[in-house]
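To convert, note that position 127 of the sequence shown is 127 in my numbering; the numbers rise steadily by one, no gaps.
Heads up: the structure comes next, in structure tokens.
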Amino acid sequence: MTAAIESGRVRSADELAVLLLTVDRDGDPQLLADAEQLLLQASPRLWLMLDVAIRPAWRQARRWSGTAVQRLVQGESSPLGLTVAACHPDGHVREAAVARLTGPPDPGAVAGLGETGSADDAGLVAAWLEHPRPRARAEAVRALRRLGGVDPERLFGMLTDPSGAVTRQITVALRPSVSRLDLPRLRRLLSTSNPQHTRMAAYRLLHERDTWTRLLTDLELANDPSPLMRHRARGDITTWLAREAATTYSKPRGSTADALAEQLRAAQDALGPDRARLLRFHLGLGPSSVRTSPRSHDVSLRDSAVRSS
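Shown next as structure tokens:
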């Protein structure tokens, strides 16, 4: 058959293209090995003819085309499958197949797919979340957000990525679904045992969740050993008091109010008396929720004694 192809008879090139797709679809190990050996021995002329012939063969095999793309996305394609996918009529599929054959794509290629691709390409991009280069992982997250292919659970697991550039993109991608994220799991990422960029990513997401979660997180971090974290938390409390407190008409209740009161007692020295008093007022917490210093306690006793005398 190779001789027939190389003789220039297009019909034979078309037949070989269909045969290769069929072998890839059926997955018979021996036929796969034979087909791969044939291609390894093929001349440049045969490769050029196959590149032309395989594309219309893909168009005629639409059902298998979809399955083959899924295999490609899941990293389950055989070498033959990658080879015929590299001749797919969809340019994004071709790029992904070539990337699998030659190694991970350049970050620029990942970014380009995010700019020019469609929602159908999200599966291809998701495979690059494990790219060895941080910039490419960050571009993959950005591309998924643009293509509408964000998987919150998978990205949540990547908040511990060693690169801050990646976690920043993940934070942006997860904001629309922050209310569905596992709150205890997210709060654990604030632990000082985690890197700074992981803690900051968790802080930003907690900040977006709701008002009481935001303030509770700020209070917990008001005495944080990291200057960046504690200054960010204290500054956010100041911002809330100045710009949002007056129009926050609800009040925390039950265990939420108790947790805020407890954290306010722990953070009042860091906040100072004015901010602590204002925060207590806007949260609807009674004076008893704030610890009294020994000196002020002595003064209160003395004033009480004067009034009773």
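Note that the Cβ used here is the ideal one computed from N, Cα and C, for glycine as well.
Since the structure is predicted, the reported quantities are computational estimates derived from the model, not experimental observations.
- Taking a contact as a CB-CB distance under 8 Å, the pair residue 80 and residue 36 counts as one, their CB atoms being some 5 Å apart.
- Around the beta carbon of residue 52, fewer than 16 other beta carbons lie within 10 angstroms, which makes this residue exposed.
- Secondary structure at residue 190: coil, using DSSP grouped into helix, strand and coil.
- Each of 151, 168, 208, 166 was checked against the Cα of residue 178, and the nearest Cα belongs to 208.
- Under the DSSP assignment, residue 272 falls outside any alpha helix (DSSP H); it carries neither an H nor an E label.
- In this structure, 202 is the residue among 165, 151, 139, 202 with its C-alpha nearest to the C-alpha of residue 183.
- If only complete runs of 4 or more residues are kept, the segment 194 to 221 shows the alpha helix (DSSP H) at 196 to 209, 211 to 221, in order along the chain.
- Taking C-beta atoms as the reference points, residue 123 and residue 149 count as a pair closer than 9 Å.
- In the DSSP assignment, residue 135 falls within the unbroken alpha helix (DSSP H) covering 134 to 147.
- In this structure, the CA atom of residue 87 is about 45 Å from the CA atom of residue 194.
- Counting only unbroken stretches of 3 or more residues, no beta strand (DSSP E) element lies wholly within the segment 226 to 272.
- Boundaries of the alpha helix (DSSP H) harbouring residue 36: 29 to 41, taken from the DSSP string.
- Going by beta carbons, residue 160 and residue 198 fall inside the 9 Å limit.
- In the three-state DSSP reduction, residue 157 falls in the helix class (H, G or I).
- For residue 117, there is no enclosing alpha helix (DSSP H), as DSSP gives it neither H nor E.
- In this structure, the beta-carbon distance from residue 222 to residue 233 falls below 9 Å.
- In the three-state scheme derived from DSSP, where H, G and I count as helix and E and B as strand, residue 74 is classed as coil.
- Annotated as distal: residue 136 and residue 172, with beta-carbon spacing of 9 Å or more.
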